[in-house]
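Trainee:
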């Protein structure tokens with residue numbers, strides 16, 4: 031339930047306002063052997079082991095809907111959304127990150143959730159033109175030789191509108 | 006726009022709309038007797054006054070101006086009595102009033118839709134003014150006499166004290182003399198508006214002449230001597246000048262210090278009292294507000310009066326305890342109550358306690374169930390509003406068309422107290438209007454002679470009725486006009502190429518059903534009222550969108566009847582739970598005609614291999630839900646599952662499902678908006694619901710499911 035996007039203001043002891051380093055917090059998760067990151071301001075909660083009711087007549091990447099404390103939330107499978115083959119998961123293993131993107135709630139099915147990292151906005155680099163793909167709008171290099179792809183939440187909801 | 010203005014706008018629209026409704030009702034009633042009673046005139050004056058004031062506050066100039074001029078007009082009528090208007094002018098007055106209310110209404114609509122308001126309203130204002138001139142010319146002598154009479158009545162404070170420099174005698178240390186632009190007219194009302202504006206400043210002041218609101222003769226006094234504001238403190242002067250300079254039609258103002266500022270306190274006291282007396286004896290107060298504050302706070306009194314008047318229009322002068330609530334709050338309440346209903350059944354039927362003998366627990370749960378049921382009923386009833394609002398609008402339409410088409414028609418309204426969900430009432434207003442227009446335009450005979458020749462009452466009748474039957478409301482629009490000729494309809498349909506089988510095979514019911522198809526309109530000509538390219542098919546679609554159905558019956562020569570069947574509410578549905586494979590679906594009970602098992606021999610096949618089954622001597626297609634929705638199930642043999650014969654509007658077919666799970670009342674939840682882009686609304690799914698065990702069941706829309714199955 032981390033909704034706190036923080037702008038950390040570094041202040042020296044003597045009180046002079048110093049270089050403001052804009053930091054944002056990201057939740058990283060793995061899907062189809064890739065590591066993604068999603069801004070925590072979108073994340074509502076992470077749930078596992080939730081029964082998904084399948085819906086007829088929708089694209090295959092819409093897994094269905096769930097009942098989250100009385101709220102009906104649609105579930106998107108990120109693997110299928112990216113065009114990767116689906117992996118048959120046992121019901122108990124399904125891990126869902128519930129996002130709230132501009133008050134549109136959507137849950138995404140991921141393989142596993144890794145960690146929450148702080149990253150300076152300046153460390154986010156654009157995706158090289160040749161490698162552009164759907165649902166990714168940036169790359170973040172974390173300290174340990176580790177690059178994650180930034181999930182484009184806006185596109186996740188927008189592309190739905192066009193589909 | 007920030008929230009503050011938003012809610013102010015909401016309040017404004019709510020208030021203005023309800024005032025307009027009151028006004029409409031009043032006009033229709035008054036027109037029947039071709040006379041405004043004194044109460045009516047006061048009421049109209051008050052309504053216009055309120056609209057004027059609130060529109061000015063919201064800076065809706067056109068509304069303000071129109072209301073202002075109508076107010077002026079009725080001010081005159083109030084002063085001189087309805088009798089002063091020549092009978093032949095009364096008709097004009099009504100027409101003028103209807104026209105201006107239409108104008109007001111269209112402006113309000115613009116406000117609602119966030120469109121710019123009409124800037125040029127001169128024509129309507131000109132009309133009102135010329136009418137006012139006409140009636141005031143007719144009896145100037147009368148007017149003068151009356152004005153004289155009133156002058157003597159007028160509280161003496163104003164007159165007696167107009168001595169030195171025309172200043173009124175008042176202990177206040179400062180006066181502001183306001184002079185209005187020459188010939189701007191209605192100076193007293195302008196002064197009163199100014200006073201109203203100043204009252205918002207929350208400070209003490211008096212004004213002379215102090216009868217500007219009620220005495221039209223004071224206009225002349227103001228023109229002659231000016232309008233005086235008496236202020237207690239120097240610091241107020243600046244604020245007042247701020248307001249004055251923001252007011253239109255003011256030529257000049259001057260601040261005068263009171264030379265005779267040695268009045269004793271007693272006189273001041275007396276003065277205040279006199280003002281109070283003048284205020285509380287205003288002739289227009291129809292029902293003196295019992296709770297009016299004793300201190301002469303006129304503003305408070307005004308609101309009180311307005312409230313009292315508001316209530317009066319409904320049920321006498323007794324104040325009704327009504328509050329207006331935002332619909333979204335109600336929706337939230339209904340949603341939460343829905344949750345409670347679900348949670349309640351989750352608790353009471355929890356698997357953890359199955360098989361346990363828990364007397365006290367059972368007792369408490371029974372109590373809880375009863376209370377939740379009550380709560381649910383109340384929550385549902387909150388959204389229920391009577392259809393009278395919609396029905397009253399029809400009065401107006403019939404009235405207008407009666408004049409334009411010169412047909413003698415009376416509208417009989419039955420059962421206007423019938424209550425429906427608010428959103429449904431809003432949804433059926435247009436369809437009903439369309440049907441009534443159709444009846445007026447095409448249904449009713451063109452002339453009296455024609456009706457007499459047909460042996461009918463010369464005055465045609467349109468009956469608009471609403472009745473309650475269990476889970477639905479039936480709304481009927483009947484006329485006793487021509488009736489519909491099936492042959493003509495058939496020929497027209499053939500002409501338009503919308504027939505799907507040979508003409509001779511159509512039954513009468515089917516022929517009348519053709520009227521509801523897109524691309525059909527019985528009238529060749531497009532008239533002002535009907536046939537604007539919107540046909541009955543739009544009516545049908547609108548009614549279906551709120552879950553209702555339309556049917557037409559007609560006897561040639563005797564009239565026709567359009568029947569709308571509308572569900573009471575869309576929020577809670579009696580549903581049949583069905584299972585297909587692992588999925589659960591809900592079919593609204595209202596759509597189910599029958600469910601039955603069939604053997605393989607009962608099923609026949611058409612050329613394309615579609616399955617058809619015969620029930621009650623008719624053949625109906627079978628739609629296999631598991632095939633349609635690609636649900637994996639072991640039950641594919643028609644003998645193992647069960648058929649549900651469903652019907653919606655004019656569509657009827659059989660659904661093949663695995664099994665029936667039972668009947669349940671379910672709370673309809675819309676599907677997440679995220680899924681709307683997948684056109685899910687047209688895939689036979691109208692929403693979903695959460696079952697007692699927390700599972701989701703998908704609610705099927707029988708009508709669109711069939712349509713989808715066709716492609």
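Residue numbers (this note's numbering), protein chains in the order written: chain A, 31 to 193; chain B, 6 to 716. Beta carbons: idealized from backbone N, C-alpha and C, even for Gly.
Is residue 337/B buried or exposed, if buried means 16 or more other CB atoms sit within 10 Å of its CB?
Mentor: Start at 1 with the first residue of the second chain, and residue 337/B comes out as number 332. It counts as exposed.
Trainee: Spell out a yes or no on whether the segment 541-550 of chain B and the segment 627-645 of chain B are touching, meaning 3 or more CB-CB pairs, one atom from each, closer than 8 Å.
Mentor: Contact between the segment 541-550 of chain B and the segment 627-645 of chain B is absent, because fewer than three Cβ pairs lie under 8 Å.
Trainee: Which bits of chain A does residue 699/B rub up against, with CB to CB less than 9 Å?
Mentor: The sequence position of residue 699/B within the second chain is 694, counting from 1. Under the 9 Å cutoff, chain A gives 81 and 97.
Trainee: In terms of residue numbering, what span does the alpha helix (DSSP H) encompassing residue 59/B cover?
Mentor: As a first step, residue 59/B is located in the second chain; it is residue number 54 there, counting from the start. That run of the alpha helix (DSSP H) goes 43-63.
Trainee: Need the endpoints of the beta strand (DSSP E) that residue 695/B sits in, please.
Mentor: For the purposes of this step, residue 695/B is taken as the residue at position 690 of the second chain. It spans 690-695 - the beta strand (DSSP E) in which residue 695/B sits, taken as one unbroken run.
Trainee: Roughly how far, in whole angstroms, is the beta-carbon of residue 108/A from the beta-carbon of residue 142/A, given that I think they are within contact range, below 8 Å?
Mentor: Walking along the first chain from the start, residue 108/A turns up at place 78. Walking along the first chain from the start, residue 142/A turns up at place 112. No, residue 108/A and residue 142/A are not in contact; Cβ-Cβ is about 12 Å, not under 8 Å.
Trainee: The alpha helix (DSSP H) that contains residue 501/B, what's its start and end?
Mentor: The sequence position of residue 501/B within the second chain is 496, counting from 1. Looking at the DSSP string, the run of the alpha helix (DSSP H) that includes residue 501/B is 491-501.
Trainee: Which residues in chain A sit within 9 Å of residue 636/B, going by Cβ to Cβ distance?
Mentor: For the purposes of this step, residue 636/B is taken as the residue at position 631 of the second chain. Neighbours of residue 636/B on chain A, chain order: 84 and 86.
Trainee: Strictly under 8 Å for the Cβ-Cβ distance: is residue 356/B near chain C by that measure?
Mentor: This model lacks chain C altogether, as its protein chains are A and B.
Trainee: Flag this pair as yes or no: are the beta carbons of residue 600/B and residue 665/B separated by less than 8 Å?
Mentor: Taking the second chain and counting its residues from 1, the one referred to as residue 600/B is at position 595. Taking the second chain and counting its residues from 1, the one referred to as residue 665/B is at position 660. Yes.
Trainee: For residue 315/B, which three-state DSSP category applies?
Mentor: Along the second chain, read from residue 1 onward, the residue named residue 315/B stands at position 310. With a pLDDT of only 43 at residue 315/B, under the threshold of 50, the placement of this residue in the model should not be trusted; the figure read from the coordinates follows. In this structure, residue 315/B counts as helix in the three-state DSSP scheme.
Trainee: Determine the DSSP secondary structure at residue 1/B, reduced to helix, strand or coil.
Mentor: As displayed, chain B neither begins before 6 nor continues past 716, which places residue 1/B out of reach and without an answer.
Trainee: Tell me which same chain residues have a C-beta within less than 7 Å of the C-beta of residue 669/B, skipping the five on either side of it?
Mentor: Here residue 669/B corresponds to residue number 664 of the second chain, with the count starting at 1. Excluding residues within five positions, the ones whose Cβ falls inside 7 Å are 580 and 582.
Trainee: By a C-beta neighbour count over all protein chains shown, 10 Å radius and 16 as the cutoff for buried, is residue 48/B buried or exposed?
Mentor: Start at 1 with the first residue of the second chain, and residue 48/B comes out as number 43. When all chains shown are included, residue 48/B counts as buried.
Trainee: When Cβ atoms are compared, which residues of the segment 665-698 of chain B fall closer than 7 Å to chain A?
Mentor: Here the close residues are 674, 676, 677, 678, 679, 680, 682, 683, 685, 688, 693 and 695.
Trainee: Can you tell me which of 80/A, 139/A and 68/A puts its alpha carbon nearest to the alpha carbon of residue 154/A?
Mentor: Locating residue 154/A in the first chain gives position 124, counting from the first residue. Among 80/A, 139/A and 68/A, the Cα nearest to that of residue 154/A belongs to 68/A.
Trainee: Determine, using beta carbons only, whether residue 704/B and residue 672/B come nearer to each other than 8 Å.
Mentor: Indexing the second chain from 1 puts residue 704/B at position 699. Indexing the second chain from 1 puts residue 672/B at position 667. Not in contact: residue 704/B and residue 672/B (Cβ atoms no closer than 8 Å).
Trainee: Residue 647/B and residue 619/B: beta carbons closer than 8 Å?
Mentor: For the purposes of this step, residue 647/B is taken as residue 642 along the second chain, with counting starting at 1. For the purposes of this step, residue 619/B is taken as residue 614 along the second chain, with counting starting at 1. It is not a contact, given that the beta carbons lie outside the stated cut-off.
Trainee: Can you pull the chain B residues whose beta carbon is under 9 Å from the beta carbon of residue 100/A, in chain order?
Mentor: Here residue 100/A corresponds to residue number 70 of the first chain, with the count starting at 1. Near residue 100/A (Cβ distances below 9 Å), the residues of chain B are 340, 341, 343, 344, 347, 348, 674 and 695.
Trainee: For the 8 Å Cβ check, are there 3 or more pairs between the segment 433-441 of chain B and the segment 398-414 of chain B?
Mentor: These segments touch.
Trainee: Do residue 56/B and residue 27/B come within 8 Å of each other at the CB atom, strictly closer than that value?
Mentor: Residue mapping note: residue 27/B aligns to position 22 of the second chain, counting from 1. Residue mapping note: residue 56/B aligns to position 51 of the second chain, counting from 1. In this structure, residue 56/B does not lie closer than 8 Å to residue 27/B by Cβ.
Trainee: Can you tell me where the alpha helix (DSSP H) holding residue 445/B begins and where it ends?
Mentor: Counting from 1 along the second chain, the entry for residue 445/B is found at position 440. Per DSSP, residue 445/B belongs to no alpha helix (DSSP H) and is neither H nor E.
Trainee: Whose C-beta lies closer than 8 Å to the C-beta of residue 20/B among residues of the same chain, with five residues either side of it excluded?
Mentor: In the second chain, residue 20/B corresponds to position 15, counting from 1. The residues are 55 and 59.
Trainee: Per the DSSP calculation, residue 674/B is bridged to which residue(s)?
Mentor: Indexing the second chain from 1 puts residue 674/B at position 669. DSSP lists 693/B as partners of residue 674/B.
Trainee: Could you tell me which uninterrupted beta strand (DSSP E) segments, each at least 3 residues in length, are contained entirely in the segment 133-177 of chain A, listed from first to last along the chain?
Mentor: Correct list: 134-140, 142-150 and 166-172.
Trainee: What did DSSP end up calling residue 588/B once you bin it into helix, strand or coil?
Mentor: Locating residue 588/B in the second chain gives position 583, where the first residue counts as 1. Note: residue 588/B maps to strand in three-state DSSP.
Trainee: Considering only the beta carbon of each residue, do residue 470/B and residue 419/B sit closer than 8 Å?
Mentor: As a working note, residue 470/B is residue 465 in the second chain. As a working note, residue 419/B is residue 414 in the second chain. Yes. Within cutoff.
Trainee: In this structure, does DSSP put residue 114/A in helix, strand or coil?
Mentor: Indexing the first chain from 1 puts residue 114/A at position 84. It is coil, neither helix nor strand.
Trainee: With 16 as the cutoff for other CB atoms within 10 Å, does residue 363/B come out buried or exposed?
Mentor: Taking the second chain and counting its residues from 1, one reaches residue 363/B at position 358. Residue 363/B is exposed by the Cβ-count criterion.
Trainee: Quick check on this structure: which residue in 136/B, 660/B, 209/B and 638/B has the alpha carbon closest to the alpha carbon of residue 76/B?
Mentor: Within the second chain, residue 76/B is the residue found at index 71, counting from 1. Checking every option, the nearest Cα to that of residue 76/B belongs to 136/B.
Trainee: By the DSSP assignment, the alpha helix (DSSP H) with residue 100/B in it spans what residues?
Mentor: For the purposes of this step, residue 100/B is identified with residue 95 of the second chain, where counting begins at 1. Element bounds for residue 100/B: 92-117.
Trainee: Distance, Cα to Cα, residue 662/B vs residue 629/B?
Mentor: Here residue 662/B corresponds to residue number 657 of the second chain, with the count starting at 1. Here residue 629/B corresponds to residue number 624 of the second chain, with the count starting at 1. Distance between the alpha carbons of residue 662/B and residue 629/B is about 7 Å.
Trainee: What does the alpha-carbon distance come out to for the pair residue 437/B and residue 130/B?
Mentor: Within the second chain, residue 437/B is the residue found at index 432, counting from 1. Within the second chain, residue 130/B is the residue found at index 125, counting from 1. Between residue 437/B and residue 130/B, the C-alpha separation is close to 32 Å.
Trainee: Cutting at 7 Å between CB atoms, please list the residues of its own chain near residue 90/A, excluding the five before and the five after it.
Mentor: Position 60 of the first chain holds residue 90/A. If we look at residue 90/A and ignore the five residues flanking it on each side, its Cβ neighbours are 110.
Trainee: Tell me, please, which residues DSSP counts as bridged to residue 619/B.
Mentor: Stepping through the second chain from its first residue, residue 619/B is reached at position 614. 624/B.
Trainee: Between the segment 583-601 of chain B and chain A, which residues of the former have a C-beta closer than 9 Å to a C-beta of the latter?
Mentor: Residues 587, 588 and 589.
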